[in-house]
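K.L.:
In the numbering used here, the protein residues as written are 3 to 569.
(1) Which residues bound the alpha helix (DSSP H) around residue 300?
(2) Between residue 328 and the rest of its own chain, which residues show a CB-CB distance below 7 Å, the 5 nearest in sequence each way excluded?
(3) If distances are taken between C-alpha atoms only, which option among 335, 526 and 435 comes closest to residue 121?
(4) What does the alpha-carbon distance come out to for the pair residue 564 and residue 266?
(5) Tell me, to the nearest whole angstrom, how far the beta carbon of residue 287 is from that of residue 317; I am working on the premise that it is less than 8 Å.
(6) If you draw a straight line from the alpha carbon of residue 324 to that of residue 339, how long is it in whole angstroms?
(7) Roughly how many angstroms lie between the CA atoms of residue 499 and residue 427, to the nearest whole one?
(8) Using 8 Å as the threshold, is the C-beta distance between residue 553 and residue 469 below it?
(9) Less than 8 Å between the beta carbons of residue 410 and residue 342, yes or no?
(10) Leaving out five residues on either side along the sequence, give the residues of the same chain with a beta carbon under 6 Å from the beta carbon of residue 450.
(11) Fully enclosed by the stretch 495-551, which beta strand (DSSP E) runs are 3 residues long or longer?
(12) Going by the DSSP bridge assignment, what does residue 383 pair with across the sheet?
(13) Residue range of the alpha helix (DSSP H) that residue 262 falls in?
(14) Distance check for residue 389 and residue 134, CA to CA, integer angstroms please.
(15) Which class does residue 247 belong to by DSSP, given the choice of helix, strand or coil?
(16) Kindly indicate the opening and closing residues of the beta strand (DSSP E) around residue 400.
(17) Using the Cα positions of residue 172 and residue 509, report the straight-line distance between them to the nearest angstrom.
(18) Taking residue 305 as the reference, which of 335, 331 and 330 has the closest Cα?
(19) Counting pairs of Cβ atoms below 8 Å between the stretch 224-237 and the stretch 460-468, do you hit three or more?
(20) Short of 6 Å in beta carbon distance, which residues of its chain neighbour residue 385, apart from the five on each side in sequence? Order them along the chain.
(21) Pick from 408, 152, 529 and 170: whose alpha carbon is nearest that of residue 200?
(22) Roughly how many angstroms separate the alpha carbons of residue 230 and residue 270, rounded to a whole number?
(23) Give a yes or no on whether the C-beta atoms belonging to residue 382 and residue 442 are separated by under 8 Å.
(24) What is the residue span of the beta strand (DSSP E) that residue 143 lies within?
(25) Nearest to residue 218 by CA position, among 250, 244, 242 and 228, is which residue?
(26) For residue 488, which of 353, 387, 407 and 330 has the nearest alpha-carbon?
(27) So what does DSSP say about residue 351, is it helix, strand or coil?
(28) So, helix, strand or coil for residue 412, using DSSP?
(29) Where DSSP assigns a beta bridge to residue 280, which residues make up the other side?
(30) For residue 370 and residue 353, what's the separation of their Cα atoms in angstroms?
(31) Let me check one thing: in DSSP terms, what residues is residue 407 bridge-paired to?
(32) At a cut-off of 7 Å, would you count residue 273 as near the ligand SAH, judging by its Cβ distance to the nearest heavy atom?
(33) From the DSSP output, in three-state form, read off residue 191 for me.
(34) Find the nearest neighbour of residue 471 within the set 350, 373, 177 and 437, judged by alpha-carbon distance.
If you want it as structure tokens, here you go:
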């Protein structure tokens, strides 16, 4: 297929929704793996937490295994989900992994945040969970198909590398869109014993270290591997921190649920876990994704069965894809409301309207906060504008006085929407989020005490046509901001300074004030870097090592990011 045919095919597709590009065939796999292990070594030496995550998305998310139907938010109708290897099953290299008590190898991450990683001093979890700050809750949407590891193998040959990042992976089923994923969790070394539990514990520690109160757990199925991993996450949260809560979020785009009594019984089973999120008065919080897939009358039967048959009182917080059309119908049975939200920095005013409506009905509001969204297997993406979407959605949560926040998502690599530390973004987005989280919970902007730079850009131009075998390319979702080709230097400075930049061979400098400042530069071929210079002395420096190319084999429209606060 030549470039003109690809463009014509793209033009025929209606602007749709989210999904991300996959493996960049133009970059040798060995380079990716070597980069990952270099980062691992640095982190182990300095005590930095090295925590990859799972992918949160809907039924269209690949890697979800047979438990996930291809029918979720942004899903491709009729698509099938790829299989995930089962723990304890023979690995592709042969042998069966142990599932006894976990015993991470020396140098494994503890989840602790290294000193100096952030531009401010993050309050301890106890401070963020007490008083008025403790009433403002922040959850991250957890998607079970993409944990830190799928097979406990080394990153150079694990399931992510062989099958999800590789366009030819899983027998070529993802070749049409260049591979299932474009990014992955930060690699973790293989572990002895119950490695799945150990990895989930690591994810809980990483989230807690960022100030997050808990996970919203996307319940994709009520049996099978994803259900087992869901229950294991409940155990992991309890063992790491009894105050870290898991909010139940049954995914109504993938669950086969008709009988309200049977559905209530399954929710009661997982809801009895000590880590399940409950209000101070003991009510179990149930927050179904796309709640409008069932009527308010059906949900009333579920809630009644939970109370009468299982002795469980509930606080119902439905999440809608169409809040305006359903809020009145669900108001009588709801404690609060939420929505999935937009993934571009424009058009965020609608969330302010929805928050006002929820509060006007006497309900709490859970605001979605996002980074970006690009979905290769659905042929759609949103223009995130570097970190503009992250900052805009956090601003809405703060200014609209949301009661709770949901980071959408913690780890959906198939949508490219992850806050969790990843191979291409490191901790940049999670660290940035901690700054706004602190303001949201405490009511005060944290004081910037150390210069920190965040650098972000794509590794290709938005209009680039892939030269490889990829036939489905992404088009912009309706309502999104226009595509842009920019490098962003986001500076957090304790005092005014000059910021020197390099984008490929183009060198420049700009004056940045104390506080937070965003500077946009034209995207250019090569790698980018930025450094702080004050009174003639060089300070914080960041480099984005992934080079920008004008010719690409695989389309990848995610924004890559790096921070000077991490090695």
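Even for Gly, the Cβ is constructed at its ideal location relative to N, Cα and C.
P.N.:
Reading it off the structure:
(1) The count along the chain shown starts at 1 and reaches residue 300 at position 298. 298-312 is the extent of the alpha helix (DSSP H) around residue 300.
(2) Along the chain shown, read from residue 1 onward, the residue named residue 328 stands at position 326. Within the same chain, residue 328 has close Cβ partners 294 and 322.
(3) Position 119 of the chain shown, counted from the first residue, corresponds to residue 121. Looking at the Cα atoms, 435 is the closest of the given residues.
(4) On the chain shown, residue 564 is found 562 positions in, with the first residue counted as 1. On the chain shown, residue 266 is found 264 positions in, with the first residue counted as 1. The alpha-carbon atoms of residue 564 and residue 266 are separated by roughly 44 Å.
(5) Stepping through the chain shown from its first residue, residue 287 is reached at position 285. Stepping through the chain shown from its first residue, residue 317 is reached at position 315. Between residue 317 and residue 287 the Cβ distance is about 5 Å, and since that is below 8 Å, they are a contact.
(6) For the purposes of this step, residue 324 is taken as the residue at position 322 of the chain shown. For the purposes of this step, residue 339 is taken as the residue at position 337 of the chain shown. One C-alpha to the other measures close to 11 Å.
(7) Numbered from its first residue, the chain shown carries residue 499 at position 497. Numbered from its first residue, the chain shown carries residue 427 at position 425. When rounded, the distance between both Cα atoms is 26 Å.
(8) As a working mapping, residue 553 is identified with position 551 in the chain shown. As a working mapping, residue 469 is identified with position 467 in the chain shown. Yes.
(9) Here residue 410 is taken as the residue at index 408 of the chain shown, counted from 1. Here residue 342 is taken as the residue at index 340 of the chain shown, counted from 1. A contact, by the Cβ cut-off of 8 Å.
(10) In the chain shown, the residue the question calls residue 450 occupies position 448. Cβ within range, chain order: 121, 122, 494 and 496.
(11) 499-505, 508-514, 517-524, 528-536 and 539-550
(12) Stepping through the chain shown from its first residue, residue 383 is reached at position 381. Residue 383 is bridged to 376 and 478.
(13) As a first step, residue 262 must be located in the chain shown, where it is residue number 260. From DSSP, the alpha helix (DSSP H) with residue 262 extends over 262-273.
(14) Residue 134 sits at position 132 when you count from the first residue of the chain shown. Residue 389 sits at position 387 when you count from the first residue of the chain shown. Each residue's alpha carbon lies about 28 Å from the other.
(15) Residue numbering aside, residue 247 sits at position 245 when the chain shown is read from its first letter. Residue state, collapsed to three classes: strand.
(16) For the purposes of this step, residue 400 is taken as residue 398 along the chain shown, with counting starting at 1. Counting along the chain, residue 400 falls outside any beta strand (DSSP E), though it belongs to the alpha helix (DSSP H) covering 390-401.
(17) To locate residue 172, count along the chain shown from 1; it is residue 170. To locate residue 509, count along the chain shown from 1; it is residue 507. Each residue's Cα considered, the two are about 43 Å apart.
(18) Translated into positions along the chain shown, residue 305 becomes position 303. Closest by alpha carbon: 335.
(19) no
(20) As a working mapping, residue 385 is identified with position 383 in the chain shown. Excluding positions up to five away in sequence, the list reads 346, 482, 483 and 485.
(21) Your numbering for residue 200 matches position 198 in the chain shown. The option with the nearest alpha carbon to residue 200 is 152.
(22) For this step, residue 230 is matched to residue 228 along the chain shown. For this step, residue 270 is matched to residue 268 along the chain shown. About 15 Å.
(23) As a working mapping, residue 382 is identified with position 380 in the chain shown. As a working mapping, residue 442 is identified with position 440 in the chain shown. No, the pair does not count as a contact, with Cβ atoms beyond the cut-off.
(24) The residue you call residue 143 lines up with position 141 of the chain shown. Per DSSP, residue 143 belongs to the beta strand (DSSP E) from 139-145.
(25) As a working note, residue 218 is residue 216 in the chain shown. Closest by alpha carbon: 250.
(26) Within the chain shown, residue 488 is the residue found at index 486, counting from 1. Among 353, 387, 407 and 330, the Cα nearest to that of residue 488 is on 387.
(27) Working through the chain shown from its first residue, we reach residue 351 at position 349. It is helical.
(28) To locate residue 412, count along the chain shown from 1; it is residue 410. Of the three classes helix, strand and coil, the one that applies to residue 412 here is coil, per DSSP.
(29) If you number the chain shown from 1, residue 280 lands on position 278. DSSP lists 286 as partners of residue 280.
(30) By one-based count along the chain shown, residue 370 stands at place 368. By one-based count along the chain shown, residue 353 stands at place 351. Those two C-alpha atoms are separated by around 9 Å.
(31) Mapped onto the chain shown, residue 407 falls at position 405. DSSP output for residue 407 lists 140 and 369 as bridge partner(s).
(32) For the ligand SAH, the structure offers nothing, since it holds no ligand at all.
(33) Residue 191 sits at position 189 when you count from the first residue of the chain shown. Reduced to three states, the DSSP call for residue 191 is coil.
(34) Here the question's residue 471 lines up with position 469 in the chain shown. Answer by Cα proximity: 177.
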